[in-house]
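2 protein chains.
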Amino acid sequence: MTITEVSKKFDLSQDTLRYYERIGLIPSVNRNKGGIRDYTDEDLKWIEFIKCMRGAGLPIEVLIEYVTLFQQGDATTQARKELLIEQRQQLIARMEDIKKTLELLNYKIESYENSVAIIEKDLKR
Amino acid sequence: MTITEVSKKFDLSQDTLRYYERIGLIPSVNRNKGGIRDYTDEDLKWIEFIKCMRGAGLPIEVLIEYVTLFQQGDATTQARKELLIEQRQQLIARMEDIKKTLELLNYKIESYENSVAIIEKDLKR
DNA sequence: ATAACACTTAGAGTTAACTCCAAGTCAAGA
DNA sequence: TCTTGACTTGGAGTTAACTCTAAGTGTTAT
């Protein structure tokens, strides 16, 4: 699969895909005779995983570490697991923040609804 | 209340507090005779609100717009309400992303648990 | 064969959100 | 009086995560 196809499939710019590869956020992609990237299914799996994690806000640095550990083989499974558990904790905390903020937003929006209602009542007088 | 006290109360650096004021993210704070900031309860309310919103990731630009609208008075209540509704939408979307990612993380962690279990079984042979 | 186009690399530039720094002011204590 | 320390301002520097540019190569359509 070419970079153009991958870019469309995942809605990531070609620049971003090359950048991710350059910094080691995805394992390096094979080139064909002409030196052009040819993504394998394995590569696509990585991209999907990384895109999901980035979408939730996991830092690139942490994800690079995960990929690096992965490439070091079976000796690092424990470390990888711990890394994921740590990130899960962070995500749960983020979710709590968002929930709290959503409640406050709901409350504020409701009060705006009430005050708008009052203004409208005023207009009808 | 002095900037030191506010900084401690909300766990925001003095630099951040001054920065927020400078860019109009909080309405400007009164100074005493010596030119030193003296935060009112009203100011604290704003800081608490902004801190909550920033904690959930609302962009500074949007929050500045909200503060600006607020300072323009009652004519902007409708616009402010719409702004909050829009941001609520965004937050709900963020939350969905995080939920999806949490599920994937849970699944991955579980598989690491299983593979570790297998390794341990191997060791016992 | 030549033009058009997608691709390559290395490296510079951008954006958001701080964070730090320098130079200066002012009140309070030794 | 002198020094200490918290504060002031304006502006420069930093970090993360892209995003863009330039210069060059290789494949395809006319």
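As they're listed, the protein sequences go chains A and B.
So the mapping is simple: our numbering equals the position in the first sequence, first residue as 1, plus 88.
So the mapping is simple: our numbering equals the position in the second sequence, first residue as 1, plus 88.
Glycine included, each C-beta is placed from N, C-alpha and C at the ideal position.
Nearest neighbour of residue i, chosen from the options [CA to CA]
i	options	result
B/Asp131	B/Val150, B/Asn118, B/Gly143 and B/Ile124	B/Asn118
B/Val150	B/Glu136, B/Tyr200 and B/Gln178	B/Gln178
B/Asp126	B/Ile91, B/Gln159, B/Ser199 and B/Lys97	B/Ile91
B/Lys187	A/Cys140, A/Ile197 and A/Trp134	A/Cys140
B/Val94	B/Leu146, B/Ile135 and B/Tyr200	B/Ile135
Length of the line joining the Cα atoms of residue i and residue j
i	j	result
B/Glu184	B/Ile124	44 Å
A/Leu100	A/Arg176	24 Å
B/Asn194	A/Ala167	16 Å
A/Leu171	A/Tyr154	7 Å
A/Ala181	B/Ala144	10 Å
A/Phe137	B/Thr189	9 Å
A/Thr128	B/Glu198	26 Å
B/Gln160	A/Ile206	19 Å
B/Ile173	A/Phe98	28 Å
B/Lys121	A/Ser203	38 Å
B/Tyr200	A/Lys169	6 Å
B/Asp162	A/Leu192	21 Å
A/Arg106	B/Leu146	29 Å
A/Leu196	B/Lys133	Looking at the sequence provided, one finds Lys at residue 196 of chain A rather than Leu. In a straight line, the C-alpha of A/Lys196 is about 13 Å away from that of B/Lys133.
Cβ shell of residue i (< 8 Å), same chain only, five flanking positions each side left out
i	result
B/Ile152	Ile111, Gly112 and Leu113
A/Thr164	Leu157 and Phe158
B/Ile148	Ile111, Leu113 and Arg142
Closer than 8 Å at the beta carbon, the chain A residues around residue i
i	result
B/Ile186	Ala144, Gly145, Leu179, Arg182, Met183 and Ile186
B/Ile173	Ile197
B/Leu151	The premise fails here: B/Leu151 is roughly 12 Å from chain A at the closest Cβ pair, so nothing lies under 8 Å.
B/Arg119	By Cβ distance, chain A contributes nothing, its closest Cβ being about 29 Å from B/Arg119, past 8 Å.
Interface residues of chain A facing residue i [CB-CB closer than 7 Å]
i	result
B/Arg168	Tyr200
B/Leu192	Cys140
Cut-off 7 Å between Cβ atoms - residues of its own chain near residue i, not counting five sequence neighbours on either side
i	result
A/Thr104	none
A/Glu109	Ser116 and Val117
Contact set between residue i and chain B, taken where Cβ atoms lie within less than 7 Å
i	result
A/Thr104	Those within 7 Å of A/Thr104 in chain B number zero; the least Cβ separation is about 17 Å.
First and last residue of the uninterrupted alpha helix (DSSP H) at residue i
i	result
A/Tyr127	Looking at the DSSP string, A/Tyr127 is not in any alpha helix (DSSP H), and its letter there is neither H nor E.
A/Gln159	Ile148 to Gln159
B/Val94	Ile91 to Phe98
B/Asp103	Gln102 to Arg110
Contacting residues, own chain, Cβ-Cβ under 6 Å from residue i (five flanking each side not counted)
i	result
A/Gln102	Ile91 and Ser95
B/Met89	Tyr127
Chain-ordered chain B contacts of residue i [CB-CB under 8 Å]
i	result
A/Thr189	Cys140, Met141, Gly143, Ala144, Leu146 and Leu179
A/Arg176	Leu190, Leu193, Asn194 and Ile197
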